[in-house]
Every structure is written in C-alpha cells, then in structure tokens.
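J.: Each residue of the sequence shown is one higher than the last, beginning at 1 in the UniProt record's numbering.
Here a beta-carbon is modelled for each residue, glycine too, at the ideal position from N, C-alpha and C.
Keep in mind that this is a model prediction, so the values were computed, not measured.
One structure coming up, written as structure tokens, with questions to follow.
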Amino acid sequence: MEALAVVEKGIPTTAPGAVPSSALLSHHLCLAVGVVVTAVDGHYQIGIYSVRKIQSGEEITFDYNSVTESKEEYEASVCLCGSQVCRGSYLNLTGEGAFQKLIGICSSSSPVLKEWHGILDRHYLMVEACESHTVSEEDNNDLGRAGLGSGLLGGLPNWLVAYAARLVRFINFERTKLPEEILKHNLEEKKIFFRYMS
C-alpha cells in the first residue's frame, strides 16, 4: 500500500509526485485507493492509499460510501459508475430504522433490534454505564477485540467508555442473531416471489 495523500485539519497534504488534490478523486466501486481515518497525536487524519497498481493516466477512484439521513438526497444520488456490483447510489441511507428497512429484517415476525435493543434497552445500557463509574477489565477486553483502543477512546469519561463496551457486547450478540434473521427473511421473500411466478 502506497500513501498518496493525507488530509490534516481538512487540508490535503500531498505525497511527493502523487495526486495534486483529493478533490480529483472520483467514485467507483472498482476502486484504486482506499481511505483510512487514523488518530495521530490526538488529531484525526484521513489517509488515502493505493490498493492496487495504478497505471499512468488512470483515473483515481474510491468508494465514497457516504451516508445521509435524507430520503430525498439518497434517491437523488444516482451512481453512474457502471460497475457490475454498483449499489445504484453513491450514498447510503441512515436514520431511524433505515438499516432494518434496507435489509428487510424489521418485519413483524422477527425484529432483531426492536426485540433486543429498543429504546429502553439502550437507555438501560447507558444508565448502567453511568452508575458503574469505572471501566472493567471485561470492558477493556471487549473493546480491544473490537479494535477500539486508546487512540479513539483515550480521554473520554469512564461512563462513555463503559457504554461503548456495552454496545460492543450488543453488536457481538447481534452477530449471532442476525444471520438467522436474514436467512428467515430471504426464505419469506423467495416464497412470495415463487408464489408470484406461478
């Protein structure tokens, strides 16, 4: 991986002989570069790295993979990259229930997030973290396994670090439940499709 540019404090810092400006990067799913956010000496940097050999004169591309909470903006963000794996949009939709709606698991039969991580569950985790006043060894271990270390969590109040650990534990729990929910949803969709076809 070769460093092409680093963005520090919102200003592109170009590597010698590399891309003159990050504004010249175009969206495409057959990407030539990857974008990585890192924390160095307490400051966030966006590094742009080649992920394969780039030919002279070739367009520098990466997956924007940006998000919006606006349905209108999402629908207007038509992707023209032409890739076989194109998502059809260079934006992803976020917001209340967007994840569930996009992958279709928020059905009345089996709502993973609603059943195990509703508003009361989330508040309970936060109150529990606030009351603990400490970050346990289990918290540190779970955060470490998730790749969340002092570079991201350093300097945060204990309750927030403890809350992050509780969220990581829910994510790990969700990973065990989500595959069966997705398979169940896919089977239901196929039944509907084949009923429609016959």
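1. In whole angstroms, what separates the C-alpha of S66 from that of G155?
2. Give the range of the alpha helix (DSSP H) segment to which G144 is assigned.
3. Classify V161 as buried or exposed, calling it buried when 16 or more other Cβ atoms lie within 10 Å of its own Cβ.
4. Three-state secondary structure (DSSP) at Y90?
5. For my contact list, R166 and E128 are in at a C-beta cut-off of 8 Å; report their separation, rounded to the angstrom.
6. Report, in whole angstroms, the separation of the C-beta atoms of L93 and T68, which I expect to be a contact under 8 Å.
7. Taking Y74 as part of the alpha helix (DSSP H), name the residues at either end of that continuous run.
8. Tell me the rounded alpha-carbon separation between L143 and G149.
9. In whole angstroms, give me the CA-to-CA distance for V51 and I171.
10. For I192, does the count of other Cβ atoms within 10 angstroms reach 16, so buried, or fall short, so exposed?
11. Using the rule of at least 16 other Cβ atoms within 10 Å of the residue's Cβ for burial, across every protein chain shown, is S56 buried or exposed?
12. Identify whether T68 lies in helix, strand or coil by the three-state DSSP scheme.
13. Find the nearest neighbour of H117 within the set K177, R87 and N158, judged by alpha-carbon distance.
14. Which of helix, strand or coil does DSSP assign to V33?
15. From the DSSP output, which residues share a beta bridge with H43?
16. Please tell me whether S89 and C79 are closer than 7 Å, where the distance is taken between their beta carbons.
17. So, with DSSP's three-state summary, where would you put T134?
18. Output yes or no for whether 7 Å exceeds the beta carbon distance between S26 and E59.
19. In chain order, what residues of the same chain have a beta carbon less than 6 Å from the beta carbon of L91, not counting five sequence neighbours either side?
20. Which value, in whole angstroms, describes the spacing of the CA atoms of T134 and M126?
T.: The structure says:
1. The alpha-carbon of S66 is positioned some 28 Å away from that of G155.
2. From DSSP, the alpha helix (DSSP H) with G144 extends over E137 to R145.
3. Within a 10 Å sphere around the beta-carbon of V161 sit 16 or more other beta-carbons, which makes this residue buried.
4. Correct three-state label for Y90: coil.
5. Their Cβ separation, rounded to whole angstroms, is 7 Å, which keeps R166 and E128 in contact under 8 Å.
6. Cβ-Cβ separation between L93 and T68: approximately 7 Å, consistent with a contact (criterion under 8 Å).
7. Here the alpha helix (DSSP H) through Y74 covers K71 to A76.
8. Roughly 7 Å separates the two Cα atoms.
9. Going by the C-alpha atoms only, they are around 29 Å apart.
10. It counts as exposed.
11. The residue is exposed, with fewer than 16 neighbouring Cβ atoms inside 10 Å.
12. DSSP places T68 in strand when its eight states are reduced to three.
13. Of K177, R87 and N158, the smallest CA-CA separation from H117 is found for K177.
14. Here V33 sits in strand by DSSP.
15. Answer is V40.
16. Less than 7 Å divides the Cβ of S89 from the Cβ of C79.
17. Note: T134 maps to coil in three-state DSSP.
18. Judged by their CB atoms, S26 and E59 are nearer to each other than the 7 Å cut-off.
19. Only S66, T68, Y74 and S77 meet the Cβ criterion.
20. Approximately 13 Å between the Cα atoms of the pair.
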